[in-house]
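Engineer:
Protein chains: 2
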Amino acid sequence: MGRMPTVDDVAQAAQVSRQTVSNVINSPGIVRETTRQRVQEAIDRLGYRPHASARRLRTRKSSTIGVRLDPLRDGISGAVLDRFVHKLAEQADARDLRVMIFTADGHADELAHIRRLRDGSDVDAFVLIGTDHGDSRIAWLVENRVPFVSFGRPWGAETPDPHHRWVDVDGRAGVRDAVQHLRAHGADRVAWIGWPSPSGTGDERRAGWEESCGLEGADRENLAIATEDGVTEGRLAAAALLELPAPPDAIVCASDSLALGATMAAQAAGRAGLPIVGFDDTPVAAAVGLSSIEQPLDEVVATALTLLFGEHGDDVRPNPDSDEEPGHRLLVPRLVERRSSHLALDGNPGA
Amino acid sequence: MGRMPTVDDVAQAAQVSRQTVSNVINSPGIVRETTRQRVQEAIDRLGYRPHASARRLRTRKSSTIGVRLDPLRDGISGAVLDRFVHKLAEQADARDLRVMIFTADGHADELAHIRRLRDGSDVDAFVLIGTDHGDSRIAWLVENRVPFVSFGRPWGAETPDPHHRWVDVDGRAGVRDAVQHLRAHGADRVAWIGWPSPSGTGDERRAGWEESCGLEGADRENLAIATEDGVTEGRLAAAALLELPAPPDAIVCASDSLALGATMAAQAAGRAGLPIVGFDDTPVAAAVGLSSIEQPLDEVVATALTLLFGEHGDDVRPNPDSDEEPGHRLLVPRLVERRSSHLALDGNPGA
DNA sequence: TCGTTCATTTTGAACGTTCGAATTCTTCGG
DNA sequence: CCGAAGAATTCGAACGTTCAAAATGAACGA
Numbered sequence: 001m002g003r004m005p006t007v008d009d010v011a012q013a014a015q016v017s018r019q020t021v022s023n024v025i026n027s028p029g030i031v032r033e034t035t036r037q038r039v040q041e042a043i044d045r046l047g048y049r050p051h052a053s054a055r056r057l058r059t060r061k062s063s064t065i066g067v068r069l070d071p072l073r074d075g076i077s078g079a080v081l082d083r084f085v086h087k088l089a090e091q092a093d094a095r096d097l098r099v100m101i102f103t104a105d106g107h108a109d110e111l112a113h114i115r116r117l118r119d120g121s122d123v124d125a126f127v128l129i130g131t132d133h134g135d136s137r138i139a140w141l142v143e144n145r146v147p148f149v150s151f152g153r154p155w156g157a158e159t160p161d162p163h164h165r166w167v168d169v170d171g172r173a174g175v176r177d178a179v180q181h182l183r184a185h186g187a188d189r190v191a192w193i194g195w196p197s198p199s200g201t202g203d204e205r206r207a208g209w210e211e212s213c214g215l216e217g218a219d220r221e222n223l224a225i226a227t228e229d230g231v232t233e234g235r236l237a238a239a240a241l242l243e244l245p246a247p248p249d250a251i252v253c254a255s256d257s258l259a260l261g262a263t264m265a266a267q268a269a270g271r272a273g274l275p276i277v278g279f280d281d282t283p284v285a286a287a288v289g290l291s292s293i294e295q296p297l298d299e300v301v302a303t304a305l306t307l308l309f310g311e312h313g314d315d316v317r318p319n320p321d322s323d324e325e326p327g328h329r330l331l332v333p334r335l336v337e338r339r340s341s342h343l344a345l346d347g348n349p350g351a
Numbered sequence: 352m353g354r355m356p357t358v359d360d361v362a363q364a365a366q367v368s369r370q371t372v373s374n375v376i377n378s379p380g381i382v383r384e385t386t387r388q389r390v391q392e393a394i395d396r397l398g399y400r401p402h403a404s405a406r407r408l409r410t411r412k413s414s415t416i417g418v419r420l421d422p423l424r425d426g427i428s429g430a431v432l433d434r435f436v437h438k439l440a441e442q443a444d445a446r447d448l449r450v451m452i453f454t455a456d457g458h459a460d461e462l463a464h465i466r467r468l469r470d471g472s473d474v475d476a477f478v479l480i481g482t483d484h485g486d487s488r489i490a491w492l493v494e495n496r497v498p499f500v501s502f503g504r505p506w507g508a509e510t511p512d513p514h515h516r517w518v519d520v521d522g523r524a525g526v527r528d529a530v531q532h533l534r535a536h537g538a539d540r541v542a543w544i545g546w547p548s549p550s551g552t553g554d555e556r557r558a559g560w561e562e563s564c565g566l567e568g569a570d571r572e573n574l575a576i577a578t579e580d581g582v583t584e585g586r587l588a589a590a591a592l593l594e595l596p597a598p599p600d601a602i603v604c605a606s607d608s609l610a611l612g613a614t615m616a617a618q619a620a621g622r623a624g625l626p627i628v629g630f631d632d633t634p635v636a637a638a639v640g641l642s643s644i645e646q647p648l649d650e651v652v653a654t655a656l657t658l659l660f661g662e663h664g665d666d667v668r669p670n671p672d673s674d675e676e677p678g679h680r681l682l683v684p685r686l687v688e689r690r691s692s693h694l695a696l697d698g699n700p701g702a
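As given, the protein sequences belong to chains X and L, one line each in that order.
Each residue of the first sequence is one higher than the one before, starting from 1 at the first, in my numbering.
Each residue of the second sequence is one higher than the one before, starting from 352 at the first, in my numbering.
1) What are the partner residues of X/Asp8, as DSSP defines its beta bridges?
2) In its own chain, which residues sit with a C-beta less than 8 Å from the C-beta of X/Met1, not counting the 5 before and 5 after it?
3) Please check if any C-beta of chain L sits within less than 7 Å of the C-beta of X/His107.
4) Do three or more CB pairs link the stretch 527–535 of chain L to the stretch 554–572 of chain L at distances below 8 Å?
5) Measure how close the beta-carbons of L/Ala575 and L/Ala542 come, nearest whole angstrom, since I'm counting them as under 8 Å.
6) Can you pull the chain L residues whose beta carbon is under 9 Å from the beta carbon of X/Glu243, in chain order?
7) Starting from L/Ser642, trace the beta strand (DSSP E) in both directions and tell me its first and last residue.
8) Could you list the residues in the stretch 39–61 of chain X with a C-beta less than 7 Å from some C-beta on chain L, going in chain order?
9) Can you tell me whether DSSP reads X/Trp192 as helix, strand or coil?
10) With respect to the alpha helix (DSSP H) encompassing X/Val277, which residues constitute its N-terminal and C-terminal limits?
11) So what's X/Ala269 in DSSP terms, helix, strand or just coil?
12) Can you give me the C-alpha to C-alpha distance between X/Gln15 and X/Arg36, rounded to a whole angstrom?
13) Considering only DSSP beta bridges, list what X/Arg329 is partnered with.
14) Could you work out which residues of chain X lie near L/Leu420, taking near to mean beta carbons separated by less than 8 Å?
15) Against chain L, with Cβ distances strictly below 7 Å, would X/Asp321 count as a contact?
16) Is the CB-CB distance between L/Asp600 and L/Ala538 below 7 Å?
17) Can you look up L/Gly559 in the DSSP assignment and give me helix, strand or coil?
18) So, is X/Gly347 buried or exposed, given that buried needs 16 or more other C-beta atoms within 10 angstroms?
19) Would you please verify whether the beta carbon of X/Ser121 is less than 7 Å from any beta carbon of chain L?
20) DSSP state of L/Ala524, grouped into three classes?
21) Could you tell me which residues DSSP puts in a beta bridge with L/Phe453?
22) So, does the stretch 463–479 of chain L touch the stretch 142–152 of chain X, judging by three or more C-beta pairs under 8 Å?
23) Measure the C-alpha to C-alpha separation of L/Met451 and L/Ser404 and round it to an integer number of angstroms.
24) Identify every residue that forms a DSSP beta bridge with X/Ser255.
25) So, at 7 Å on beta carbons, what are the nonlocal neighbours of X/Leu420 in its own chain, with the 5 sequence-adjacent residues on each side left out?
26) Would you verify that the beta carbon of L/Val582 is, or is not, closer than 7 Å to some beta carbon of chain X?
27) Please state whether DSSP places X/Pro349 in a helix, a strand or coil.
28) Note down, one range per segment and in chain order, each beta strand (DSSP E) of at least 3 residues found wholly within the stretch 109–161 of chain X.
29) Counting only beta-carbon separations shorter than 7 Å, does L/Thr654 have a partner in chain X?
30) Can you tell me whether L/Gly417 is buried or exposed, with buried defined as 16 or more other CB within 10 angstroms of its CB?
31) Candidates X/Gly174, X/Ser199 and X/Asp135: which alpha carbon is nearest X/His164's?
32) Using DSSP with H/G/I as helix, E/B as strand and the rest coil, what is X/Arg83?
33) Please tell me whether X/Ala266 has its Cβ less than 7 Å away from any Cβ of chain L.
34) Counting only beta-carbon atoms, is X/Phe102 nearer than 7 Å to chain L?
35) Over the uninterrupted beta strand (DSSP E) stretch that includes L/Leu686, give me the two end residues.
36) If you run the structure through DSSP and keep just helix, strand and coil, what is X/Ala226?
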């Protein structure tokens with residue numbers, strides 16, 4: 001196997017010029033049909049593939065997006081982000097985009113990586129997974145005109161930044177739906193296990209519970225627990241709830257990890273039928289028959305790519321200058337019902 | 352912000368030639384110290400970064416490795432591969448390598464992707480995650496001289512292919528250790544829940560159980576169950592085991608998913624203290640206090656990169672021609688003990 | 001002072017592609 | 001059969017880097 005054929009080799013083989021070969025590949029419309037076929041045949045015969053780096057050098061775009069892989073977490077909740085990355089790779093491929101991954105230690109380090117990848121023209125645009133309260137990365141990216149989109153709202157910004165494109169899922173609505181569903185099926189005292197404030201996502205989800213739980217005063221205080229994410233934490237929190245004088249008759253959790261823990265606690269407390277709803281609809285939830293609120297990841301990814309590249313192309317759009325077009329979108333999650341959400345209520349004995 | 356500075360801009364600013372700037376970056380040793388400093392200062396001042404594509408075009412290497420993201424699985428077992436990818440990104444970064452990901456539908460599609468990435472000089476080398484019995488990809492990659500390394504042995508090849516570099520973890524030894532550990536702590540009847548044959552990894556792990564369980568005849572038959580991977584499957588299998596006339600007093604599973612299911616079954620059967628050992632030591636195992644056999648992923652990744660790039664550099668070595676150097680390595684896993692493996696035996700009541 | 005050797009720096013070309021302008025080929029009305 | 005307009009193709013240059021070879025400078029012994 002010698003060296004790869006170049007555009008010149010093809011040109012020679014097809015008796016045309018370099019540029020015509022290039023045209024056949026990039027704008028087939030402008031070349032005469034008979035010529036196009038002849039060239040195409042030569043391409044196939046020689047097995048020619050454009051050299052990506054040469055093309056990028058010339059066109060000054062890499063058709064590559066960069067994503068930082070989050071630090072490993074729980075392994076349950078983390079799975080959402082892994083699924084996100086997976087789907088990103090899938091949909092990027094459909095647009096002829098490549099995906100480059102990297103890891104980083106904290107925001108500063110992440111920006112350093114982004115800078116390197118960007119300055120080297122390795123990557124055209126970035127996808128930020130998750131946003132913090134007053135996220136320092138956003139300002140920097142906008143400032144440095146690095147095209148990006150985030151999966152996550154700009155929490156805590158008074159004035160929405162028109163340069164910042166984002167997609168997010170309306171966790172509040174999702175939780176609200178779940179609570180209402182449980183109450184419609186007879187639950188009176190729906191408890192909440194969530195994360196400590198301040199947490200953009202966490203506070204939002206909790207708000208969904210607050211506005212729909214129909215509880216007041218002491219009940220409202222007692223039936224909400226904030227804890228770090230994790231199976232163990234969920235177990236402990238649920239155990240505490242179940243020991244209350246007036247225990248809950250259903251629990252909604254901010255994550256599947258917490259919900260899995262809660263399920264274990266319920267079983268241990270002899271209340272295997274307690275309806276429990278998780279969040280993210282991870283495969284684990286499906287496996288153990290846990291109801292969960294599903295984020296429409298396919299749509300999230302599709303929207304992110306559309307915001308970055310427009311409806312179809314692979315040309316990066318710079319961060320928007322004004323707010324003519326809405327540079328963001330809030331998607332609605334969906335409750336996936338499984339045994340856990342109506343075990344006790346519909347008289348269905350636990351496993 | 353105008354265009355990025357080029358090597359020429361730096362050269363002009365530092366009053367030297369293009370090439371000297373290049374040397375400062377690539378072989379600082381050969382340029383006089385005073386000059387080096389002057390150039391370096393100019394680089395810093397202008398914020399110059401080499402244009403990756405230009406460099407790649409010239410040097411004919413991309414310093415990028417490609418990995419296919421496996422189809423989404425269980426979410427528990429899948430987490431291992433996600434962790435693998437994560438660590439790959441980390442260690443690649445340390446060597447100044449980039450990681451490009453892609454997804455594919457089946458082996459043929461994967462090879463098509465590999466071909467595209469490779470022919471376009473987007474990617475220098477590939478990492479295969481997981482290998483099948485008589486994996487069709489390996490022959491193709493060797494045939495087409497695509498540098499690669501696999502995380503997984505060449506199952507079922509009579510003659511080891513000297514062109515094929517691989518790393519793998521000795522699952523048989525891991526399971527053997529776990530069984531011996533359980534027996535040393537008093538277990539007599541250690542059961543096995545694994546995957547249906549033929550499965551390279553699965554058969555190997557089962558072999559570890561067979562050679563150390565100390566069971567014979569009917570016991571040996573009855574105490575081993577083969578089932579697809581998954582929490583539900585593990586639950587059912589364990590439930591069946593526990594209903595045997597002579598039930599096991601410990602269970603070793605081929606995955607954490609199975610083990611999680613087994614744990615649930617044990618609790619449901621009122622045998623919460625039954626020692627259960629999983630495989631892969633996923634975060635879920637840690638979260639629910641499940642003992643598990645841990646694959647040394649850091650070492651796996653480090654070895655894979657070393658096989659591909661040598662001890663330190665970022666120059667891809669072609670697939671080896673002969674078998675002078677051992678182009679593969681088998682690493683030893685480690686049993687991580689948690690409550691689940693000695694709950695019943697050491698008289699420690701379950702949670 | 002001169003040639004020699006080694007260290008350091010510079011020069012010209014090349015990597016494979018696409019852009020922009022220029023050229024040639026077709027077609028068609030008069 | 002000519003000229004013009006449009007379609008199709010070609011040509012020269014450029015993208016930013018590094019390689020290979022050539023040129024320059026410094027150091028040293030004779």
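Glycine included, every Cβ here is placed at the ideal spot set by N, Cα and C.
Structural biologist: In short, the structure shows the following:
1) Beta-bridge pairing links X/Asp8 to no other residue.
2) With a pLDDT of 48 at X/Met1, under the threshold of 50, the modelled position of that residue is not reliable, and the figure given next carries that caveat. So no residue of the chain qualifies.
3) Chain L, which has no Cβ nearer than 7 Å to the Cβ of X/His107, makes this no.
4) Between the stretch 527–535 of chain L and the stretch 554–572 of chain L there are three or more inter-stretch CB-CB distances shorter than 8 Å, so the stretches are counted as touching.
5) So it is a contact: roughly 7 Å between Cβ atoms.
6) What X/Glu243 touches in chain L: nothing, since even the nearest Cβ is about 15 Å away.
7) It spans Ser642 to Glu645 - the beta strand (DSSP E) in which L/Ser642 sits, taken as one unbroken run.
8) So the close ones are Arg49, Pro50, His51, Ala52, Ser53, Ala54, Arg56 and Leu57.
9) X/Trp192 falls in the strand class under three-state DSSP.
10) X/Val277: not part of any alpha helix (DSSP H); member of the beta strand (DSSP E) spanning Ile276 to Phe279, first to last residue.
11) Residue state, collapsed to three classes: coil.
12) When rounded, the distance between both Cα atoms is 12 Å.
13) Secondary-structure assignment with DSSP links X/Arg329 through a beta bridge to X/Val167.
14) Correct list: Val85, His86 and Ala89.
15) With a threshold of 7 Å between beta carbons, X/Asp321 makes no contact with chain L.
16) Yes.
17) Helix at L/Gly559.
18) In this prediction, X/Gly347 scores a pLDDT of 36, lower than 50, which makes its location untrustworthy; the coordinate-derived value is nonetheless stated afterwards. Exposed is the call here.
19) Yes, its Cβ sits closer than 7 Å to a Cβ of chain L.
20) Helix at L/Ala524.
21) Beta bridge pairing from DSSP links L/Phe453 with L/Arg419.
22) Not touching, per the Cβ criterion.
23) So the alpha carbons of these two residues sit roughly 15 Å apart.
24) X/Ser255 pairs with nothing; no bridge assigned.
25) Lying outside 1 to 351, the shown extent of chain X, residue 420 of chain X is not represented and no answer is given.
26) Yes, L/Val582 lies at the interface with chain X (some Cβ there is under 7 Å from its Cβ).
27) Per-residue confidence for X/Pro349 stands at a pLDDT of 36, beneath the threshold of 50, marking its modelled position as unreliable; the derived number appears in the next sentence. Reduced to three states, the DSSP call for X/Pro349 is coil.
28) Within the stretch 109–161 of chain X, the complete beta strand (DSSP E) segments at least 3 residues long are 125–129 and 148–151, listed from N- to C-terminus.
29) With 7 Å as the cut-off, L/Thr654 does not count as an interface residue toward chain X.
30) With 16 or more Cβ atoms within 10 Å of its Cβ, L/Gly417 is classed as buried.
31) The shortest C-alpha to C-alpha distance from X/His164 to any of X/Gly174, X/Ser199 and X/Asp135 is the one to X/Asp135.
32) DSSP places X/Arg83 in helix when its eight states are reduced to three.
33) It does not; no Cβ of chain L falls within 7 Å.
34) By this cut-off, X/Phe102 is an interface position.
35) Counted as a single uninterrupted DSSP element, the beta strand (DSSP E) harbouring L/Leu686 occupies residues Arg685 to Val687.
36) It is a strand residue.
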